[in-house]
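Right, one structure below, let's go through it.
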Amino acid sequence: MIFKLLIKFFVLFFSLFLVGVSEVCASDYGAQRSIVGMLSGKADPRFKRATQPMDFQFPRDHAAHPDYKTEWWYYTGNLQSSDGRGYGYQLTFFRNSLAPNASSRSSEFASNQVYMAHFAVTDVSRQEYKSFERYSRGSIGLAGAKVEHSNYSVWLEDWSATQKTDKTIRLFAVNDATDPIIAIDLILTQTCKPVFHGNDGLSQKGPEVGNANHYYSLIGLESIGTVQINKERINVTGTSWMDHEFGTSSLSEGIVGWDWFSIQLDNDVALMLARLRFQDGTDWQGFQGSLIQPNQPTEKVSRSDFIVQQTSRWKSPKSGNIYPSGWVLKLDRFQMNIQVEPMMKDQEFEGNFKYWEGAVRVKGTFKGKLVRGAGYVELTGYQK
Numbered sequence: 609m610i611f612k613l614l615i616k617f618f619v620l621f622f623s624l625f626l627v628g629v630s631e632v633c634a635s636d637y638g639a640q641r642s643i644v645g646m647l648s649g650k651a652d653p654r655f656k657r658a659t660q661p662m663d664f665q666f667p668r669d670h671a672a673h674p675d676y677k678t679e680w681w682y683y684t685g686n687l688q689s690s691d692g693r694g695y696g697y698q699l700t701f702f703r704n705s706l707a708p709n710a711s712s713r714s715s716e717f718a719s720n721q722v723y724m725a726h727f728a729v730t731d732v733s734r735q736e737y738k739s740f741e742r743y744s745r746g747s748i749g750l751a752g753a754k755v756e757h758s759n760y761s762v763w764l765e766d767w768s769a770t771q772k773t774d775k776t777i778r779l780f781a782v783n784d785a786t787d788p789i790i791a792i793d794l795i796l797t798q799t800c801k802p803v804f805h806g807n808d809g810l811s812q813k814g815p816e817v818g819n820a821n822h823y824y825s826l827i828g829l830e831s832i833g834t835v836q837i838n839k840e841r842i843n844v845t846g847t848s849w850m851d852h853e854f855g856t857s858s859l860s861e862g863i864v865g866w867d868w869f870s871i872q873l874d875n876d877v878a879l880m881l882a883r884l885r886f887q888d889g890t891d892w893q894g895f896q897g898s899l900i901q902p903n904q905p906t907e908k909v910s911r912s913d914f915i916v917q918q919t920s921r922w923k924s925p926k927s928g929n930i931y932p933s934g935w936v937l938k939l940d941r942f943q944m945n946i947q948v949e950p951m952m953k954d955q956e957f958e959g960n961f962k963y964w965e966g967a968v969r970v971k972g973t974f975k976g977k978l979v980r981g982a983g984y985v986e987l988t989g990y991q992k
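Numbering (the numbering used here), first residue to last: 609 to 992.
Shown next, in the form of structure tokens:
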């Protein structure tokens with residue numbers, strides 16, 4: 609769900625976007641930008657706010673919702689080669705509206721929509737992580753999100769998530785650098801209906817009306833394709849997770865960051881949890897996660913239903929940020945107790961925003977039985 613990155617960033621950098629920026633593999637850690645700041649603050653009254661559940665219609669609602677200020681489409685996955693090597697990936701597209709109505713200017717370059725995309729690959733066996741950023745305006749086909757002929761697509765230049773059939777999505781991304789080449793080319797197959805988080809897809813991020821997003825996921829996406837690292841193209845299979853969220857000024861005042869978990873177990877059970885943290889280390893008690901079991905309704909996981917115990921920390925040698933680096937998740941009401949460990953410590957995204965987004969492995973028990981699994985964790989608000 610990546611309660612994700614947008615608002616103030618796009619305004620700050622809009623002059624840069626107007627001339628077009630291709631790809632950034634940023635290394636300037638001098639001034640870390642705040643993800644939380646982009647999702648906080650007063651809501652622009654010209655935009656709609658997420659105040660009540662909506663009637664989702666697909667494929668229509670896979671596309672953009674420009675009446676809301678911010679939106680993102682988030683794909684992550686855990687993959688394996690035939691010889692047992694592990695890989696993780698993240699491909700996320702962000703949209704931000706600069707104004708609620710389309711520009712009246714006649715230029716085909718004019719747009720009130722700005723897009724950013726993040727792409728990262730974790731090579732578990734080599735313990736290597738690479739991340740990349742791109743930006744563009746939503747005009748002349750450079751970036752967008754739409755439904756056409758009953759199929760949706762979201763893209764920024766040649767990075768894309770494109771629906772190929774009713775149940776399949778193709779993901780493609782490749783960095784612009786020639787050495788090393790980092791790329792994914794995957795087909796994701798939907799195996800279950802969309803999961804709607806919170807109150808029928810209305811996910812509260814604070815106590816005030818409108819501190820919320822519309823939020824659904826596609827989980828258990830069977831994944832097959834290739835990961836390319838330098839000159840080696842590796843055939844892989846695995847499981848992916850897709851989040852789609854949109855809203856306007858979703859975070860409540862005082863929240864400094866979040867710890868977000870998406871877990872997929874080998875018994876086809878999935879879990880989404882998050883802690884929305886305050887400065888003193890406590891967290892907002894109104895957040896609702898989701899427990900998804902095969903052939904059963906999605907169960908809401910209230911904040912009082914789970915305990916997150918940090919087991920380790922890791923300090924980034926580049927940014928100096930100190931992140932949690934291992935957890936125990938206890939959900940006594942659901943008879944779940946699992947350990948979550950990063951597949952490698954250093955999965956800090958190296959863009960204009962510093963945050964940790966990484967592949968994790970999972971083991972523990974659920975209803976008295978041993979389980980294993982994998983997933984992704986996102987950590988924000990740990991700036992030095």
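Just so it is clear, CB atoms sit at the ideal spot from N, CA and C, and this is done for glycine as well. Here the structure is a predicted model, which means the values were calculated and not measured.
Checklist entry - Which partner residues of A878 appear in the DSSP bridge assignment? => result Q872 and I900
Checklist entry - On the three-pair Cβ rule with 8 angstroms, is the stretch 717-728 touching the stretch 691-700? => result Yes: the two stretches touch, three or more of their Cβ pairs being nearer than 8 angstroms.
Next on the checklist: Would Q896 and V877 qualify as a contact pair, given that the criterion is a beta-carbon distance under 8 angstroms?
Outcome noted: no
Next on the checklist: Using C-beta distances below 6 angstroms, list every residue in its chain close to L706, excluding the 5 sequence neighbours before and after it, in chain order.
Outcome noted: N720
Next on the checklist: Which same chain residues end up closer than 7 angstroms to S635 when comparing Cβ atoms and leaving out the 5 residues on each side of it in sequence?
Outcome noted: Residue placement at S635 is flagged as unreliable, the pLDDT there being 35, under the threshold of 50; a coordinate-derived value is accordingly withheld.
Item to check | Beta-carbon gap between S870 and T684 smaller than 8 angstroms | outcome: yes
Item to check | Whole-angstrom distance between T906 and N875, CA atom to CA atom | outcome: 16 angstroms
Next on the checklist: I'd like to confirm the pairing. Which residues does DSSP put opposite M724 in its beta bridges?
Outcome noted: F702 and Y743
Item to check | Cα-Cα separation between G692 and S768, rounded to whole angstroms | outcome: 27 angstroms
Item to check | C-alpha gap between G846 and G828, whole angstroms | outcome: Spanning the alpha carbons of G846 and G828 requires a straight line of approximately 9 angstroms.
Checklist entry - What first and last residue would you give for the beta strand (DSSP E) that runs through A751? => result A751 to E756
Checklist entry - In three-state DSSP terms, what is D940? => result helix
Checklist entry - Given a threshold of 16 other Cβ atoms within 10 Å of its Cβ, counted over all protein chains shown, does G749 qualify as buried or as exposed? => result exposed
Checklist entry - In whole angstroms, what is the alpha-carbon distance linking V835 and K953? => result 21 angstroms
Item to check | Separation of F942 from I789, as counted between CA atoms | outcome: 44 angstroms
Checklist entry - Do you know offhand how far I915's Cα is from R841's? => result 41 angstroms
Checklist entry - Fully enclosed by the stretch 917-962, which beta strand (DSSP E) runs are 3 residues long or longer? => result 921-923, 930-932, 935-939, 944-950 and 956-958
Checklist entry - What separation, rounded to the nearest whole angstrom, lies between the Cα atoms of Q872 and W849? => result 9 angstroms
Checklist entry - Fully enclosed by the stretch 759-832, which beta strand (DSSP E) runs are 3 residues long or longer? => result You should have 759-764, 767-771, 776-782, 790-797 and 810-812.
Next on the checklist: Restricting to Cα atoms, I'd like to know which of I795, S920, E949 and A791 is closest to T773.
Outcome noted: I795
Checklist entry - CA-CA distance, R654 and S744? => result 23 angstroms
Next on the checklist: Let's test the definition: count the other Cβ atoms within 10 Å of the Cβ of G976 and tell me whether it reaches 16, buried, or not, exposed.
Outcome noted: exposed
Item to check | Run of the beta strand (DSSP E) containing M850, from where it starts to where it stops | outcome: E840 to G855
Next on the checklist: Measuring straight from C-alpha to C-alpha, what distance separates D999 and K839?
Outcome noted: The structure shown does not extend to residue 999, since the chain is modelled only from 609 through 992, so no value can be given for it.
Checklist entry - What's the C-alpha gap between K993 and G894? => result Absent from the model: residue 993. The displayed extent of the chain is 609 to 992, so no value can be given.
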